[in-house]
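Just below is one structure, and these are the notes that go with it.
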Amino acid sequence: MKFPILLDIQSAFKTFTRNKARSFLTTLGIIIGVASVIATVSIGQGASASVQDAINALGSNLLIILPGSSNLGGVQTGFGELNTMTLSDAKAIRKLPAVKTDSANIRMTEQVIWRGNNWGTSVMGTSSTFPIIKNWPVTNGEFFDPQQNSTAANVAVIGTTVATQLFGLMNPVGHIILIHNVPFKIIGELKAIGFNAFGQDQDDIVVIPITTMMEKVAGITWVNIIMVSAKSKQDTALAQNQITALLRQRHHIPPHKPNDFYVRNLTQIAQTAGSSAQIFTILLAAVAAVSLLVGGIGIMNIMLVSVTERTKEIGIRMAVGAKKNDILKQFLIESSVLSLFGGILGIGLGIGISDLISIITPLKTILTIEPIIISIIFSVGVGVFFGFYPAYKASNLNPVEALRYE
Amino acid sequence: MNDFQKNNGDDNIVVINLEHIGMIYKTGIINYEALKDINLTIYKGEFFSIMGASGSGKSTLMNILGCLDKPTSGKYFLEGMDVSKLDKDLLAEIRNKKIGFVFQGFNLIQRLSVIENVELPLFYAGIPHKEAVIEAKDALRLVDIAENKENNFPNQISGGEQQRVAIARAIVHNASIIMADEPTGNLDSVRSSELMSFFKKINEERNVTIILVTHEPVVAAFAKKHIIVKDGHIVND
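Given below as structure tokens:
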């Protein structure tokens, strides 16, 4: 059995190596096209993964309840301005059937002091269920328990950023810090989780029991956020309805009046963000695919030049017995090999760009095998498609005229 | 059959038979009649020369004889088969199997090595590469091309050598006819007669029919039979 196609490929390679600069410039369009497809898809997949991470970081099936806005003499304030939400609201919500657990939070910015060091950070009063709701475990020490919460104990759990700022490399657990001039014993350190999707350092936090927060730090009786974990993903919408009904009833809101609170379903928001990231990826890849197409036109152009330059060669080949299909095949293989070669270089470049992006920018990139396989198939396709017209032209030359060509 | 008979053609086997061949080129409004009612018979093993001034129609006749072009009228029997109406691909197959070409300008493919040029007809015949290499080497040996030049490119060898490579390419697939179109046109007189001796050798040793187009009487003298083409007619058979 013979493999003339291998000889054709070998012959195609010989043609390119004799004209390296031109072959490289010809394939540059394909190289850039494939590289940009690979890079953009990896950025897009990275973004999708980041969104997915953000969904997980938000906690399991999270709903957030904020106090509503107030309207005083026509001035409409933002959400969270009313003081209508209380700890007992939070306790009532916990009893709803679609709700697994909840935590009421108050968040304030305070200066935290340990010996000579001080650090301005976010202090959060919350319930003992916080690690479950936020999917945020303690790695060193422990979180406060319900008893410590109900007795307004002076205990604190700190994030790694705060630990580093106050204690450096020391173990912070067991030390006493001052918050709002109130002493707190550090009983635990939260796991480092880094920045959120909005660029905030989530580890820059001190967590204390909500009762302690209300009675000893803030001196208030209302909470400014209640976080609720629904029983399952499907239950988030149901929980949202149950909470709305419950709070309207507890706050004695007549049917025609608007809510004095606001329930946000974060799972839904995250899913929306996820799907927009996907659309973004598709758009980017489509733009990149256009450059692949332009690369294909470059190949067609140079193949047409090549056919003209090699008219005499085509004549000789026909004189010694090459049929139409032999010539067609020869030029098609040349253009396919050329664009495949460009595709392979483009994949290398694309992987390089994607790695570089993940190193020098905060963007996360993820490479999968699919865009690489698709790029290879696509670049050979481009070679065949754009090589066909020049090859067809070559195969239809008249041998007498081709031989006479100088 | 003795040597004398062989060299002068075998009267029994007709290789080429042209019957009333005409060729009209349509160039816009004027029709140019390049060949008019050509009748010609060539026997196996003949060494045949076609002479004529440029524009006489001898190149057109050569293209038709070489199955590169089709006549607009008449019939062309090649080894008994009418090839005047065949399509491009079938003509390509006939050129591949029966006809070898040697051109004035050598017409070797510059980016292929000497041996790859010789292998080309075998490649298009679908002969396996290994076999093709052996046959190509045999053909190159026959025209005295040194083995160490097989992998050279055409521009690395002399004009005389290039033309011998072209002869090797013409005979490698055991063509029964060799069409040589001004084969000595680019060579000096010493190289010319050297080259012609190879044609003579092939004609004598392999009984290959050789059709030689030339305008040099010294070169034409190698042939045993001569025709002159003038204004699209054969004037002297």
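Those protein sequences? They're chains A and B, same order as listed.
Residue 1357 is where the first sequence starts when you use the numbering used here, and the numbers rise one by one after that.
Residue -2 is where the second sequence starts when you use the numbering used here, and the numbers rise one by one after that.
All C-beta atoms, glycine included, are put in the ideal place defined by N, C-alpha and C.
Where the alpha helix (DSSP H) through Leu137(B) begins and ends: 126 to 139
Chain A contacts from the segment 65 to 78 of chain B (Cβ-Cβ distance under 7 Å): Leu65, Asp66
Ile1672(A) at chain B interface by Cβ criterion, 8 Å: yes
Closest by C-alpha distance to Glu191(B), when choosing among Gly52(B), Ile164(B), Met176(B): Ile164(B)
Complete runs of the alpha helix (DSSP H) confined to the segment 81 to 121 of chain B [at least 4 residues]: 85 to 95
Contact set between Val1693(A) and chain B, taken where Cβ atoms lie within less than 8 Å: Those within 8 Å of Val1693(A) in chain B number zero; the least Cβ separation is about 15 Å.
Classification of Ile1394(A) by the beta-carbon crowding that lies within 10 angstroms, buried from 16 upward: buried
Given Ala89(B) as reference, the closest of Gly1652(A), Ile1689(A), Val1756(A) once Cα atoms are compared: Val1756(A)
Where the segment 117 to 130 of chain B meets chain E: residues whose CB sits under 7 Å from a CB there: In the structure shown, chain E cannot be found, because the protein chains are A and B.
Collapsed DSSP secondary structure at Ala220(B) in the structure displayed: coil
Reference Phe1372(A); option with closest CA among Thr1721(A), Ile1709(A), Leu1694(A): Leu1694(A)
Residues that Glu1726(A) contacts on chain B, provided the C-beta gap is smaller than 9 Å: Result: empty, since nearest Cβ-Cβ is about 38 Å, beyond 9 Å.
Cβ of Lys85(B) within 8 Å of any chain A Cβ: yes
Cutoff 8 Å: Ile112(B) Cβ touching any chain A Cβ: no
As assigned by DSSP and simplified to three states, the class of Met1570(A): helix
Rounded separation between Gln2(B) and Thr206(B) - CA only: Caution applies to Gln2(B), whose pLDDT of 41 falls short of 50 and renders its modelled position unreliable; the model cannot decide the point.
Length of the line joining the Cα atoms of Leu37(B) and Gly77(B): 14 Å
Residues in the segment 1374 to 1399 of chain A having any Cβ partner in chain B nearer than 7 Å: Arg1374
Validate contact between the segment 1711 to 1731 of chain A and the segment 1397 to 1409 of chain A using beta carbons, cut 8 Å, 3 pairs: yes
Ala177(B) - DSSP class collapsed to helix/strand/coil: strand
For Ala1586(A), the three-state DSSP class (helix, strand or coil): strand
For Phe1551(A), the three-state DSSP class (helix, strand or coil): strand
Rounded straight-line distance, which links the Cα of Lys33(B) to that of His17(B): 8 Å
Per-residue burial, Glu1466(A) [other beta carbons within 10 Å of its own, 16 or more giving buried]: buried
Residues, ordered as in the chain, of the segment 1674 to 1703 of chain A that lie near chain B by beta-carbon distance below 7 Å: Met1674, Ala1675, Val1676, Gly1677, Ala1678, Lys1679, Lys1680, Asp1682
Rounded separation between Ile131(B) and His170(B) - CA only: 12 Å
Reference Ala1641(A), options Asp1616(A), Ala1377(A), Ser1367(A), Val1397(A), closest by Cα: Val1397(A)
Glu90(B): contacting residues in chain A (beta-carbon distance under 8 Å): Gly1677, Lys1679
Alpha-carbon to alpha-carbon, Lys1679(A) and Asp84(B): 11 Å
Closer than 8 Å to chain B by CB, Glu1669(A): yes
Pairwise C-alpha distance: Ile1716(A) and Ile1386(A): 25 Å
Neighbourhood of Asn152(B) by C-beta distance below 7 Å, restricted to the same chain and skipping five residues each side: Gln107
Per-residue DSSP class, three states only, for Arg1666(A): coil
Host beta strand (DSSP E) of Glu76(B) (start-end): Segment: none, Glu76(B) is in no beta strand (DSSP E) and carries neither H nor E.
Cβ-based neighbour list, Lys1358(A), same chain, cut-off 8 Å, excluding 5 preceding and 5 following: Note on Lys1358(A): pLDDT 40, under 50, position unreliable in the model; the coordinate value appears next. Cβ within range, chain order: n/a, list empty.
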